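Notes follow the structure.
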Amino acid sequence: MTSLTWEHEARPIWDAEKARIAASAPEGALAFDFADGAELPGDWFVARDGDSVVGFGSLDTTWGGDAEITLVVDAQRQGQGVGTFVMDHLEQEAGDRGINYVYNTVRDTHPQRDDVHDWLLVRGYRGNESDASLRKHVGEKPHAQFGPVQTSPPERVPSGSRSEGQEESGDYVGVESHRY
Numbered sequence: 002m003t004s005l006t007w008e009h010e011a012r013p014i015w016d017a018e019k020a021r022i023a024a025s026a027p028e029g030a031l032a033f034d035f036a037d038g039a040e041l042p043g044d045w046f047v048a049r050d051g052d053s054v055v056g057f058g059s060l061d062t063t064w065g066g067d068a069e070i071t072l073v074v075d076a077q078r079q080g081q082g083v084g085t086f087v088m089d090h091l092e093q094e095a096g097d098r099g100i101n102y103v104y105n106t107v108r109d110t111h112p113q114r115d116d117v118h119d120w121l122l123v124r125g126y127r128g129n130e131s132d133a134s135l136r137k138h139v140g141e142k143p144h145a146q147f148g149p150v151q152t153s154p155p156e157r158v159p160s161g162s163r164s165e166g167q168e169e170s171g172d173y174v175g176v177e178s179h180r181y
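First residue of the sequence shown: 2, per this note's numbering; consecutive thereafter.
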């Protein structure tokens, strides 16, 4: 593999390269329904190896403090670090924009759902049984401006309170305090 490059698309459209890469995914893995030349929602990026597009990703910030990420890698390049490259860059883009969490949903119809789910878990994504989405904290640590963040769990958490990393909905817990 030569050196991969990362490019933000100023005016993203559905083009032949994206269609080619999406078509290389297993049936049921993706749900793209864009016409050739259609303008795309959100921010889109391409990963190139020389002149060849080998993957792409999108960052949709419609939901405010969170962003949905999508990544697709050319099937011939899977297992060569392209997915990790795209994921790392999407997370960096989100963090640079002040996004708190990124999340990804692996479709129930994805034939390699368990493998992709495990790949995300290894990279720090977490979820719960009531939601198919996995998410990861990429923003600044909560309350970092007030001094060091406590890294050890509190001795006793009062009943009904929420410790750092837990949200009001979704029951997500920070990676440091929850391990599978």
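Using N, Cα and C, we set each Cβ at its ideal position, and we do this for glycine too. Treat the numbers as computed from the prediction; the structure is a model and nothing was measured.
Q. Thinking C-alpha only, which one of 121, 13, 28 and 119 is nearest residue 60?
A. It is 13 whose Cα lies nearest to the Cα of residue 60.
Q: State the CB to CB distance for the pair residue 101 and residue 140, rounded to an integer number of angstroms; the pair is presumed to be in contact (CB under 8 Å).
A: Sure, about 4 Å apart at Cβ, within 8 Å.
Q: Express the C-alpha separation of residue 50 and residue 6 in angstroms, rounding to a whole number.
A: Residue 6 and residue 50 have their C-alpha atoms some 7 Å from each other.
Q. Just curious, the alpha helix (DSSP H) that residue 120 is in, first and last residue?
A. Residue 120 -> alpha helix (DSSP H) spans 114-123.
**Q.** Between the CA atoms of residue 129 and residue 156 - distance to the nearest angstrom
**A.** Legend: pLDDT at residue 156 = 44, less than 50; position of this residue unreliable, value from coordinates given subsequently. Here the C-alpha atom of residue 156 lies approximately 25 Å from the C-alpha atom of residue 129.
Q: May I ask you to list the residues that DSSP assigns as paired with residue 138?
A: Beta-bridge partners of residue 138 (DSSP): 102.
Q. Can you tell which of 81, 121 and 24 has its C-alpha closest to the C-alpha of residue 70?
A. Of the candidates 81, 121 and 24, the one whose C-alpha sits nearest the C-alpha of residue 70 is 121.
Q | Cβ-based burial, residue 89 [other Cβ within 10 Å; buried from 16] | A | Result: exposed.
Q. Distance, Cα to Cα, residue 74 vs residue 26?
A. Straight-line Cα distance between these residues: approximately 8 Å.
Q: State buried or exposed for residue 150, treating a residue as buried only when at least 16 other CB atoms are found within 10 Å of its CB.
A: Since pLDDT at residue 150 reaches only 43, below the 50 mark, its modelled position is unreliable, and no value is offered.
Q: Could you name each continuous beta strand (DSSP E) segment of 3 residues or more that falls completely within the region 25-57, going from the start of the chain to the end?
A: For the region 25-57, the full-length beta strand (DSSP E) segments reaching 3 residues or more read 44-50 along the chain.
Q. With DSSP run on the structure shown, which of helix, strand or coil describes residue 108?
A. Under the three-state reduction of DSSP output, residue 108 falls in the coil class, being neither helix nor strand.
Q) For residue 32, which residues of its own chain have a beta-carbon under 7 Å away from its beta-carbon, when the five flanking residues on both sides are left out? A) Contacts found: 108.
Q: Determine the direct distance from the alpha carbon of residue 72 to that of residue 123, and round the result to whole angstroms.
A: Distance between the alpha carbons of residue 123 and residue 72 is about 16 Å.
Q) DSSP state of residue 195, grouped into three classes? A) One cannot answer for residue 195 here, as it falls past the ends of the chain, which runs 2 to 181.
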